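Take a look at the structure below.
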């Protein structure tokens with residue numbers, strides 16, 4: 001088997017949201033401030049970093065909640081913050097524990113930013129009506145006779161109303177084979193994601209929600225896309241086509257990758273797939289955390305991988321791409337450049 005690669009610039013994260021680098025910085029400062037030998041200069045540097053960017057404060061609050069050693073930061077009360085840090089100082093945490101602490105924080109912290117691949121927010125599970133766990137796929141027959149398949153670690157909320165059939169894709173990937181509505185007044189069917197709405201026109205199609213965009217692949221029939229920030233439906237995607245869209249724009253359609261439905265059979269088929277996108281899907285089939293440095297996230301991969309053997313998949317990637325698979329503490333697997 002061979003794997004091909006090329007480089008593209010990864011899409012930027014939303015403004016005012018902490019990215020992986022910011023969360024790494026926050027984890028670093030959290031570990032520093034718990035060190036009994038931290039200096040006043042380090043404290044001042046942390047304050048400067050904290051005030052430099054609203055996203056830094058968001059990253060700090062997230063890591064702070066994960067760490068559980070310091071109460072929520074009150075930026076309006078520096079005296080209270082100083083008191084909390086002094087309490088941490090008295091705990092006697094040694095400097096040599098900084099690295100381990102930062103690793104433990106990053107396992108969860110980066111995951112919240114969309115670069116860590118694995119655990120999903122608890123609120124998405126609470127909202128969902130249909131859920132699959134890590135390593136689990138599911139098939140469901142809906143009230144109208146449509147068949148819904150969920151890839152691993154995915155969540156949807158089905159909300160069939162008097163005049164509308166609405167499916168919210170909260171996380172992960174779904175494949176839908178629509179059925180004619182037997183309701184006395186035919187109701188439109190709409191799939192809603194964070195980036196817009198997809199209305200099938202008698203079809204079989206898949207929808208994958210990424211952090212920055214939604215990917216739609218049509219295998220039969222057609223779908224109509226309406227962006228979250230647009231007033232009119234603009235794009236129709238026909239059988240044999242696929243596209244990605246954000247809240248503001250739809251990319252040009254391209255030929256559909258019919259292998260995108262291979263996950264129903266336990267296979268992951270990559271035909272020019274970004275490495276970070278591939279790792280998102282592998283992470284849905286393994287415990288722990290799987291992260292990818294942004295420097296290698298845009299590498300393109302071609303290959304076929306068994307979803308029930310992710311370790312072999314990672315080994316193949318390491319043998320074929322300029323990357324290193326690093327085993328970190330506490331079940332964290334990190335993919336870096338050579």
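Numbering (the UniProt record's numbering), first residue to last: 1 to 338. Don't be surprised by glycine CBs; every beta carbon is placed ideally from N, CA and C. Quick caveat, the model's predicted, so the values are computed rather than measured.
What is the C-beta distance between residue i and residue j, in whole angstroms, given that I count them as a contact (C-beta under 8 Å)?
i           : j           : result
residue 216 : residue 242 : 6 Å
residue 164 : residue 137 : Contact doesn't hold; Cβ gap of about 27 Å is too wide.
residue 171 : residue 146 : The Cβ separation is near 20 Å, so there is no contact.
residue 333 : residue 327 : 6 Å
residue 140 : residue 195 : Actually they are not in contact, since the Cβ atoms of residue 140 and residue 195 sit about 23 Å apart, beyond 8 Å.
residue 206 : residue 175 : 4 Å
residue 199 : residue 223 : 6 Å
In whole angstroms, what is the alpha-carbon distance linking residue i and residue j?
i           : j           : result
residue 250 : residue 131 : 28 Å
residue 317 : residue 271 : 14 Å
residue 289 : residue 185 : 47 Å
residue 41  : residue 26  : 17 Å
residue 319 : residue 279 : 16 Å
residue 247 : residue 227 : 5 Å
residue 359 : residue 311 : There is no way to answer for residue 359, as the model of the chain reaches only from 1 to 338.
residue 166 : residue 197 : 10 Å
residue 225 : residue 55  : 31 Å
residue 283 : residue 313 : 11 Å
residue 338 : residue 28  : 23 Å
residue 330 : residue 259 : 34 Å
Thinking C-alpha only, which one of the options is nearest residue i?
i           : options               : result
residue 158 : 133, 185, 134 and 190 : 190
residue 135 : 289, 129 and 152      : 152
residue 182 : 144, 234, 304 and 260 : 144
residue 261 : 247, 128, 195 and 240 : 240
residue 321 : 300, 311 and 51       : 300
residue 305 : 265, 325, 324 and 330 : 265
residue 173 : 50, 236 and 268       : 268
residue 59  : 310, 22 and 43        : 22
residue 127 : 230, 133, 139 and 155 : 155
residue 277 : 302, 256, 287 and 47  : 302
residue 286 : 133, 54, 56 and 33    : 133
residue 263 : 31, 197, 308 and 162  : 308
residue 275 : 235, 256, 325 and 234 : 325
residue 219 : 229, 238 and 234      : 238
query = Would you say the region 252-260 touches the region 291-299, given that touching needs at least three Cβ pairs under 8 Å?
reply = no
message = Quick check on the DSSP output: what are the complete alpha helix (DSSP H) runs of length 4 or more inside the region 238-310, in order along the chain?
response = 275-283
Length-filtered (3 minimum) beta strand (DSSP E) runs lying within the region 188-228 = 189-192, 196-200, 204-209, 214-220 and 222-227
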